[in-house]
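Numbering (the numbering used here), first residue to last: 1 to 371.
For each residue, glycine too, the CB sits at the ideal point set by N, CA and C.
From a predicted model like this one, the values you see are computed outputs, not experimental measurements.
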């Protein structure tokens with residue numbers, strides 16, 4: 001069955017929108033109130049390009065929440081239970097955000113651009129409203145805004161070669177989540193070694209939306225020698241690699257999870273003398289075994305991709321949920337991720353996934369599926 005998405009003024013276009021249309025985008029999704037390319041018509045080619053070559057993605061919908069002012073660092077720390085004390089300018093951190101009850105409400109990458117300027121590169125939710133409210137209630141001197149910043153990603157084993165062609169060989173020394181402010185032919189941006197794949201790559205945080213098509217074309221031209229092509233964040237690769245997706249694997253509105261259930265325990269600092277939202281709740285949660293845990297599964301057969309979480313059963317007991325599944329070309333089997341209760345037998349593999357009323361047998365598997 002084929003569907004379409006209406007293009008209207010209530011959803012924002014990316015600075016790369018026209019370039020992606022010109023280069024053959026076939027489907028859009030909506031993320032952070034923006035259109036984001038879903039695919040360009042050849043899923044196998046896009047997957048193979050990501051694993052073996054290099055792809056370029058319009059991820060402008062990965063919006064930035066800017067914290068600016070003398071108390072920007074205070075607000076950044078208050079938003080996350082991860083200790084930011086030793087974070088340096090030019091360094092990014094993966095930071096879970098929790099509400100006052102300890103539920104995860106987002107999992108952005110934080111970029112420290114200066115002692116008084118931070119970005120939160122957020123997943124799909126209105127975190128700028130949350131941050132602004134908290135800063136105002138604390139009476140801190142910090143302005144919360146959405147700056148003119150639109151990331152473009154280049155991902156895959158040849159992404160570093162493309163970045164080096166654009167910016168010079170110095171980029172090869174970038175550490176994961178390391179970044180610096182730069183220009184490309186006068187185009188202002190932040191260049192970071194990051195991206196939503198395990199194949200490696202860079203993100204170019206464009207800081208002038210009027211130059212989106214120009215940046216897209218410059219990356220395309222530099223990558224031509226490496227057979228670069230357009231694509232989008234790849235759900236199959238992210239499942240194989242064990243990447244977590246806020247909004248899919250967890251979401252505040254329905255499938256709530258704590259950082260301990262999702263394997264973020266090592267990022268929660270309850271020993272340091274820092275204050276953050278949810279500290280009391282997380283302290284209580286840390287004192288006992290999590291009630292649920294994240295799990296990988298392999299599924300027998302070929303269940304339909306319905307696009308929403310479904311129940312996971314152990315025998316006749318509803319033991320959790322499966323958030324997403326897909327066919328892995330590398331493994332030759334259907335793989336999935338979900339959440340199950342920790343009170344199940346450790347060796348148990350008698351799982352059943354119920355999809356549109358049809359049961360499918362499933363077995364537990366380690367995450368990541370592909371190292």
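Three-state secondary structure assigned by DSSP to residue i
| i | result |
| --- | --- |
| residue 106 | strand |
| residue 112 | strand |
| residue 135 | helix |
| residue 177 | coil |
| residue 130 | helix |
| residue 38 | strand |
| residue 85 | coil |
| residue 184 | strand |
| residue 298 | strand |
| residue 217 | helix |
| residue 73 | helix |
| residue 313 | strand |
| residue 167 | helix |
| residue 197 | coil |
| residue 369 | coil |
| residue 364 | strand |
| residue 226 | helix |
| residue 161 | helix |
| residue 241 | helix |
| residue 101 | coil |
| residue 340 | strand |
| residue 144 | strand |
| residue 318 | strand |
| residue 12 | strand |
| residue 256 | coil |
| residue 210 | helix |
| residue 45 | helix |
| residue 79 | helix |
| residue 266 | helix |
| residue 51 | helix |
Assumed close pair residue i, residue j - CB separation to whole angstroms, cut-off 8 Å
| i | j | result |
| --- | --- | --- |
| residue 203 | residue 195 | 5 Å |
| residue 246 | residue 336 | Not really, about 17 Å apart at Cβ, beyond 8 Å. |
| residue 369 | residue 312 | Between residue 312 and residue 369 the Cβ distance is about 17 Å, and since that is not below 8 Å, they are no contact. |
| residue 257 | residue 339 | 6 Å |
| residue 241 | residue 297 | Not quite, the Cβ-Cβ distance comes to about 15 Å (not below 8 Å), so this is no contact. |
| residue 152 | residue 34 | Not confirmed; about 14 Å, so no contact. |
| residue 53 | residue 227 | 5 Å |
| residue 225 | residue 100 | About 52 Å separates the two Cβ atoms, so there is no contact after all. |
| residue 314 | residue 344 | 6 Å |
| residue 205 | residue 149 | 5 Å |
| residue 251 | residue 367 | About 19 Å separates the two Cβ atoms, so there is no contact after all. |
| residue 86 | residue 61 | Not a contact, Cβ separation roughly 31 Å. |
| residue 236 | residue 361 | Not confirmed; about 21 Å, so no contact. |
Chain C within 7 Å of residue i, Cβ atoms only
| i | result |
| --- | --- |
| residue 22 | No chain C appears in the structure shown, which is made up of a single protein chain. |
In DSSP terms, what residue i is bridged to
| i | result |
| --- | --- |
| residue 286 | In the DSSP output, where bridge partners are listed per residue, residue 286 has none listed. |
| residue 94 | 109 |
| residue 121 | 64, 109 |
| residue 205 | 151, 190 |
| residue 19 | For residue 19, which the question treats as bridged, DSSP gives no partner whatsoever. |
| residue 277 | Answer is none; residue 277 lacks a bridge partner. |
| residue 250 | 246 |
| residue 358 | 355 |
| residue 335 | 298, 326 |
| residue 31 | 34 |
| residue 231 | 57 |
| residue 172 | Bridge partners of residue 172: none, in fact. |
| residue 292 | 341 |
Environment of residue i [buried if 16+ CB atoms lie within 10 Å]
| i | result |
| --- | --- |
| residue 305 | exposed |
| residue 14 | buried |
| residue 323 | buried |
| residue 89 | exposed |
| residue 266 | exposed |
| residue 25 | buried |
| residue 21 | exposed |
| residue 105 | buried |
| residue 83 | buried |
| residue 199 | buried |
| residue 125 | buried |
| residue 4 | exposed |
| residue 358 | exposed |
| residue 301 | exposed |
| residue 137 | exposed |
| residue 37 | buried |
| residue 161 | buried |
Closer than 6 Å: residue i CB and nearest the ligand NAD heavy atom
| i | result |
| --- | --- |
| residue 323 | As presented, the structure is devoid of all ligands, the ligand NAD included, so that no description of it is given. |
Subject >> Stretch-stretch touch, CB-based, cutoff 8 Å, three pairs: the stretch 88-108 with the stretch 212-226 >> reply: no
**OP:** Please determine if the stretch 224-238 and the stretch 41-50 are in contact, where contact requires at least 3 C-beta pairs separated by less than 8 Å.
**Re:** yes
Original post:
Are there three or more Cβ pairs, one per stretch, closer than 8 Å when the stretch 161-180 is compared with the stretch 72-83?
Top reply: no
Original post:
Does the stretch 57-68 touch the stretch 102-118, meaning 3 or more C-beta pairs lie closer than 8 Å?
Top reply: yes
Subject >> the stretch 138-148 / the stretch 176-183 touching (three or more Cβ pairs under 8 Å) >> reply: In short, these stretches do not touch, since the Cβ pair count stays below three.
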